[in-house]
Amino acid sequence: MPYAIEQNRVEKERLANHRTTVMIGHKASAMIHSITTKPCRPSTYRKPSIIA
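Per full-length UniProt numbering: the sequence shown = residues 1 to 52.
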C-alpha cells in the first residue's frame, strides 16, 4: 500500500512538472512568435481585416 501511495505522488508530481513546462514552452513560443511577426507587420497589414 505505501508503495502505491508513493507511486501516485510521483505521478502527480510528474504531471504538475509537465504542465508547467508546457505552460513555459507555450509562453516562450508565443513570445518568439510575436517577436518574429512584429517587424514584418506594417500598419497597412491590419487594415483589410478591420474593413472585412
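Backbone N, C-alpha and C define an ideal beta-carbon position, used for all residues, glycine too.
Asked                                                                            : Found
Nearest-angstrom Cα separation, counted from threonine 20 out to glutamate 6     : 21 Å
Spatial distance of histidine 14 from alanine 30 (CA atoms)                      : First, the amino acid is wrong: residue 14 is arginine here, not histidine. Cα-Cα distance, rounded: 24 Å.
For glycine 25 and threonine 2, the rounded distance between their alpha carbons : The sequence shown places proline at residue 2, rather than the threonine named in the question. Roughly 34 Å separates the two Cα atoms.
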